[in-house]
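Here the sequence shown stands for residues 14 to 404, numbered as in the UniProt record's numbering. In this text, a Cβ means the ideal position worked out from N, Cα and C, and glycines have one as well. Notes to accompany the following structure.
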Amino acid sequence: LSSRAALVIIGTGMAGIGLARALRRQGDTRSITLISADSGDDYSKPLLSTGFSKGLAPEKLAQRSAAELGEELNARLVTHTHVNALDVDNHAVLLGNAPGQERLSYETLVLATGAAPRMPFSSEPSVASRCFTVNDLDDYRRFHQALSHGHSRVAIVGAGLVGCEFANDLHAGGHPVSIIAPEGNLLARLLPPPLGHALGDAFSDAGIRLYLGRTIESIALSHANDIALHLDNGSVLSTDIILMATGLAPRTALAEAAGLTVSSSGIVVDRHLRTSHPNIYALGDAACVDGVNAMYVQPLQASAKALAATLAGTPTRVSFGAWPVVVKTPLLPVVAYPAPSPPERWRIEGEGGDISALAEDKDGHLIGFALTGGCVRRKVELSRAAPALLG
Ligand code: FAD
14 LSSRAALVII GTGMAGIGLA RALRRQGDTR SITLISADSG DDYSKPLLST GFSKGLAPEK
74 LAQRSAAELG EELNARLVTH THVNALDVDN HAVLLGNAPG QERLSYETLV LATGAAPRMP
134 FSSEPSVASR CFTVNDLDDY RRFHQALSHG HSRVAIVGAG LVGCEFANDL HAGGHPVSII
194 APEGNLLARL LPPPLGHALG DAFSDAGIRL YLGRTIESIA LSHANDIALH LDNGSVLSTD
254 IILMATGLAP RTALAEAAGL TVSSSGIVVD RHLRTSHPNI YALGDAACVD GVNAMYVQPL
314 QASAKALAAT LAGTPTRVSF GAWPVVVKTP LLPVVAYPAP SPPERWRIEG EGGDISALAE
374 DKDGHLIGFA LTGGCVRRKV ELSRAAPALL G
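And the structure:
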């Protein structure tokens with residue numbers, strides 16, 4: 014089987030769809046094929062970690078089905094199909110498995126393959142069926158289904174943004190929640206310890222159980238069919254479901270196998286989103302733009318806009334502003350704009366849950382910030398004062 018499209022986009026996340034939409038918005042009429050390993054439904058990924066408090070069924074999260082999206086974009090959508098390889102010398106991607114494998118030729122290829130959950134350990138099959146990651150709408154459907162039989166207990170492994178947001182959301186949805194993480198504080202990569210403590214206090218006060226500074230030694234099923242998590246300090250935690258939130262790694266395998274330059278931070282692209290190979294571009298969580306892989310929505314939206322202009326014949330460099338990350342933890346609101354390198358010092362003010370932390374370099378310049386509680390209202394003022402992520 015073979016077919017052809019002027020533009021092939023691998024990935025129907027916010028980056029891939031955002032690019033197709035930006036092109037159509039500017040009147041571009043070239044033929045576009047979008048390929049996705051998942052359902053291809055158009056959804057906002059940030060909403061995945063807010064669905065339980067709002068009682069949202071998975072179908073409410075999909076703004077458009079893949080078929081509706083294809084109509085809107087006047088594009089072909091190939092869903093539940095994995096791209097196995099790129100034949101960059103002959104400008105083609107290979108879809109699905111032999112013997113029905115399709116060969117799809119392109120003039121321009123865009124890699125918007127996102128990032129995949131890191132799995133630090135695998136569990137035996139009896140437990141694996143109750144161990145989840147939630148990184149797309151299909152994952153959410155499975156997780157939602159597993160939690161639909163009453164108020165199951167959930168143990169979340171990982172205390173980063175995804176782990177903390179799900180903890181708050183599942184708790185608000187009526188589930189008993191625990192968090193296990195090796196770091197001593199929540200959101201350790203975004204917040205200095207006093208702010209991480211403040212969030213931890215808000216979580217503990219609400220009844221979320223924290224096992225910080227702890228690792229999991231083994232996982233087993235008990236006689237009562239509970240999952241028993243054996244921690245490194247000898248304690249045992251009982252749960253019904255495990256949610257793994259142990260970070261995301263950019264999906265670079267396809268690009269790497271095709272000989273494109275990649276790093277541990279993603280597919281390497283310049284400010285025009287160009288990879289090391291002509292006619293191949295990358296954006297979103299998969300891409301490392303001039304050394305920066307931000308992995309949140311505003312940078313990928315800016316990238317989609319700039320790349321659409323470039324592909325239409327106006328070469329446009331992308332810039333990222335000082336866009337802070339808003340962490341969706343209503344138990345204690347958090348906003349953070351992490352400094353690009355460890356700060357020389359933190360200037361921390363405030364009390365209780367209302368804390369401002371300003372990250373400074375050795376000359377006393379503001380290079381990042383973190384805010385909790387009532388102090389999140391300083392977000393706009395501090396974003397104006399902080400240096401751009403990619404100026
Ligand atoms: P993805 O959405 O991961 O899409 C990747 C696509 O590539 C998928 O369609 C996948 O099927 C496809 N694909 C990959 N490999 C292949 C292959 N070989 N063949 C075919 N298809 C392939 N950011 C914010 O700014 N604010 C927030 O509040 C926020 N909340 C978040 C909450 C959660 C729970 C998570 C997980 C992330 C959150 N983020 C947030 C981050 C943000 O959602 C991501 O940065 C963004 O959605 C990434 O989009 P993407 O299109 O690059 O990747």
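Leaving out five residues before and five after VAL302 in sequence, what residues of the same chain have Cβ atoms less than 6 Å from its Cβ? Excluding five sequence positions before and after VAL302, the CB atoms of its chain that fall closer than 6 Å to its own CB belong to VAL282, given in chain order.
Please state whether DSSP places THR323 in a helix, a strand or coil. Here DSSP, grouped into helix, strand and coil, assigns THR323 to helix.
Starting from ILE30, trace the beta strand (DSSP E) both ways and give me its first and last residue. DSSP places ILE30 outside any beta strand (DSSP E); the residue lies instead in the alpha helix (DSSP H), whose first and last residues are 27-38.
Tell me ARG116's beta-bridge partners as DSSP assigns them. For ARG116, the pairing in a beta bridge is given by DSSP as SER15, LEU107.
By how many angstroms is the C-alpha of GLY220 removed from the C-alpha of THR164? It is worth fixing the name first, because residue 164 is His in this sequence and not Thr. Distance between the alpha carbons of HIS164 and GLY220: 14 Å.
Please find out if some non-hydrogen atom of the ligand FAD comes closer than 7 Å to the beta-carbon of PRO59. At least one heavy atom of the ligand FAD is nearer than 7 Å to the Cβ of PRO59, so yes.
For a quick check, are the C-beta atoms of LEU261 and ASN148 less than 8 Å apart? Yes; because the gap between Cβ atoms is below 8 Å, this pair is in contact.
Who pairs with THR46 in a beta bridge, going by DSSP? Answer by DSSP bridge pairing, in chain order: VAL21, ARG89.
Nearest to ASP218 by CA position, among SER251, SER248, ASN238, HIS184, is which residue? It is HIS184 whose Cα lies nearest to the Cα of ASP218.
C-beta atoms of TRP359 and PRO205 nearer than 8 Å: Closer than 8 Å, so yes.
When you measure from the CB of ASN148 to every non-hydrogen atom of the ligand FAD, does any distance come out below 7 Å? Answer for ASN148: yes, Cβ within range of the ligand FAD.
Complete alpha helix (DSSP H) runs within the segment 180-240 (minimum length 4 residues, chain order): Unbroken alpha helix (DSSP H) stretches of 4 residues or longer found wholly inside the segment 180-240: 206-219, given in chain order.
May I ask you to report which of helix, strand or coil DSSP gives GLY297? DSSP places GLY297 in helix when its eight states are reduced to three.
Contact between the segment 342-358 and the segment 374-387 is defined here as three or more beta-carbon pairs at a separation below 8 Å; is this criterion met? Enough Cβ pairs lie closer than 8 Å, so yes.
Nearest-angstrom beta carbon gap, THR259 and GLY171 [assumed within contact, 8 Å]: By a beta-carbon distance limit of 8 Å, GLY171 contacts THR259. Their separation comes to about 4 Å.
My output table needs one value for ARG358: the three-state DSSP class, helix, strand or coil. Here ARG358 sits in strand by DSSP.
Between LYS392, LEU313, ARG391, which lies nearest to LYS58 when the distance is taken from Cα to Cα? Of the candidates LYS392, LEU313, ARG391, the one whose C-alpha sits nearest the C-alpha of LYS58 is LEU313.
Drop a sphere of 10 angstroms on the beta-carbon of SER52, count the other beta-carbons inside from all chains shown, and report buried for 16 or more, exposed for fewer. Looking at its Cβ environment, which holds 16 or more other Cβ atoms inside 10 Å, SER52 is buried.
Can you look up ASP374 in the DSSP assignment and give me helix, strand or coil? It is coil, neither helix nor strand.
Taking 7 Å as the cut-off, does the CB of GLU178 come closer than this to any heavy atom belonging to the ligand FAD? Yes - the ligand FAD has a heavy atom lying nearer than 7 Å to the Cβ of GLU178.
Report the CB separation of LEU403 from VAL310 in whole angstroms; it is logged as a contact under 8 Å. Taking a contact as a CB-CB distance under 8 Å, the pair LEU403 and VAL310 does not count as one, their CB atoms being some 15 Å apart.
For chain D, check one thing: does any of its Cβ atoms lie closer than 8 Å to the Cβ of ALA18? The displayed structure is made up of one protein chain only, and chain D is not part of it.
Check whether the Cβ atoms of LEU267 and LEU108 sit closer than 8 Å, and answer yes or no. In this structure, LEU267 keeps its C-beta atom at 8 Å or more from the C-beta atom of LEU108.
Does DSSP put SER62 in a helix, a strand or coil? Note: SER62 maps to helix in three-state DSSP.
Taking the C-alpha atoms as reference points, what is the distance between SER276 and ASP298? One C-alpha to the other measures close to 13 Å.
Alpha carbon to alpha carbon, how far is ARG202 from VAL175? ARG202 and VAL175: Cα-Cα distance of roughly 12 Å.
At a cut-off of 7 Å, would you count THR342 as near the ligand FAD, judging by its Cβ distance to the nearest heavy atom? Every heavy atom of the ligand FAD is 7 Å or more from the Cβ of THR342, so no.
Please go through the same chain and pick out, in chain order, the residues whose beta-carbon is closer than 8 Å to the beta-carbon of GLN39, but skip the five residues on each side of it. ALA321, ALA322, ALA325.
For ASP55, which of helix, strand or coil comes out of DSSP? Here ASP55 sits in strand by DSSP.
Tell me whether GLY387 sits in a helix, a strand or coil according to DSSP, three-state version. Secondary structure of GLY387 (DSSP, three-state): helix.
Does any heavy atom of the ligand FAD sit closer than 7 Å to the C-beta of ASP245? Not under cutoff, so the answer is no.
How many Å lie between HIS243 and GLU137 at the Cα? So the two alpha carbons sit approximately 14 Å from each other.
Just to confirm, does TYR309 get its C-beta within under 7 Å of one of the non-hydrogen atoms of the ligand FAD? Yes - the ligand FAD has a heavy atom lying nearer than 7 Å to the Cβ of TYR309.
Can ARG264 be considered in contact with the ligand FAD, in the sense that its beta carbon sits closer than 7 Å to one or more heavy atoms? If you check the C-beta of ARG264 against the ligand FAD, you find a heavy atom less than 7 Å away.
THR265 bridges to which residues according to DSSP? DSSP, once it has assigned bridges, lists no residue as partnering THR265.
Is the beta carbon of THR265 less than 8 Å from the beta carbon of ASP182? No, these two residues do not count as a Cβ contact at 8 Å.
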